[in-house]
Structures are given as structure tokens and as C-alpha cells.
Amino acid sequence: MTNVLRSGTYIAATVDELRRHSAADRAAGIVSQRALFPRRGRIELGPRGLVLTDWSDTGDLTLSREAIISLRRQFTALYGRLLGGLLNAGKPLILQTTTAGEIYILINRRQISEFTNNRRWAAAIATWQES
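FYI, the numbering for the sequence shown is 365 to 495, going by the working numbering.
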């Protein structure tokens, strides 16, 4: 993708995937978020839209400005402080989309500190949507 505004790595899950997790899965998620977030790849924001590479067996998920209905960062019952850390930096980026439903994303997540770049990404996506 040319003229990429922002890029990084992501792990993600749909709301349905997070709801299906057992208590054992959630316990494993305390040790490694990869137990809860089965989707992973590169995330890029640019002229084609917000692209999540390797989203599924059929390829990338590309979201246009119009495909993103809402954007927020918050802990929820599906992904709370126990899993995401006590700090604001661990809040998941939650996108409501017209194509993939609601998805939770952790961008450039650091395993030990629980920090992500989600705050910067939320601001960048919001600015991009307004342009």
C-alpha cells in the first residue's frame, strides 16, 4: 500500500469470538492475549482504508470510512481490566463496522507492560474519517 499514514501489528477478535471463550480460555488470556484474539497480522491506514491483513482464510479486511460506524476505547465485560491491565494504555480499540460487526483490536501490544498504541490509532482513525 502506498502513502500509508500509519502501520503496525494487530491481534483482534470479533465480539462473537470473545463471547465463545470458556473460563479456561479467559484464564489463559491473562497469561497471553493470543489465547483470546485469534486474528493477527499487519494493520495499515491509508488511501485504501483501514486494512487488517490476514483477517481470515479469504484474506484481508479492508474498512472504508463509511464501513466504520463507531470507534471507542474502553474496557468491557468481554475484555476488562483484569485481562487488559489497570492502565488506560491497555484499553482495546473497539470498532463497530458494517462488514465485520463489532471487533476488538490490540495494536502493537507489548506482552509484559500490556501497553498498546490504541490511543494514537483511535485519534488517527477519527482524523482520517473526518478528512
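Glycine included, C-beta positions come from ideal geometry on N, C-alpha and C.
*asked:* Measuring straight from C-alpha to C-alpha, what distance separates residue 482 and residue 434?
replied: In the sequence shown, counting from the first residue as 1, residue 482 sits at position 118. In the sequence shown, counting from the first residue as 1, residue 434 sits at position 70. Each residue's Cα considered, the two are about 15 Å apart.
_Rounded to whole angstroms, what is the Cα-Cα separation between residue 495 and residue 429?_
Within the sequence shown, numbered from 1, the residue matching residue 495 stands at position 131. Within the sequence shown, numbered from 1, the residue matching residue 429 stands at position 65. Rounded to whole angstroms, residue 495 to residue 429 spans 9 Å at the Cα level.
*8 Å Cβ cutoff met for residue 397 and residue 442*: For the purposes of this step, residue 397 is taken as residue 33 along the sequence shown, with counting starting at 1. For the purposes of this step, residue 442 is taken as residue 78 along the sequence shown, with counting starting at 1. In this structure, residue 442 does not lie closer than 8 Å to residue 397 by Cβ.
*Distance, residue 402 Cα to residue 372 Cα*: Reading the sequence shown from its first residue, position 8 is the one you call residue 372. Reading the sequence shown from its first residue, position 38 is the one you call residue 402. Roughly 17 Å between the two C-alpha positions.
_Please state the DSSP three-state secondary structure of residue 493._
Here the question's residue 493 lines up with position 129 in the sequence shown. In this structure, residue 493 counts as helix in the three-state DSSP scheme.
_Where residue 415 falls, given that 16 or more other Cβ within 10 Å makes a residue buried_ = Within the sequence shown, numbered from 1, the residue matching residue 415 stands at position 51. Counting Cβ neighbours within 10 Å, residue 415 comes out buried, since at least 16 surround it.
*Spatial neighbours of residue 365 within its chain, please: CB distance less than 8 Å, with the 5 preceding and 5 following residues excluded, ordered by chain position.*
Stepping through the sequence shown from its first residue, residue 365 is reached at position 1. Residue placement at residue 365 cannot be trusted, given a pLDDT of 44 that sits under 50; what the coordinates show is reported in the next sentence. Scanning its chain for C-beta atoms nearer than 8 Å, with the 5 sequence neighbours on each side dropped, one finds around residue 365 the residues 408, 410, 411, 412 and 415, in chain order.
*asked:* To test your reading of the DSSP string, which unbroken beta strand (DSSP E) runs of 3 or more residues are found completely within the region 409 to 480?
replied: You should have 413 to 420, 423 to 427, 432 to 437, 457 to 461 and 465 to 471.
*Strand pairing of residue 406, partner residues [DSSP]*: The residue you call residue 406 lines up with position 42 of the sequence shown. Bridge partners of residue 406: 373.
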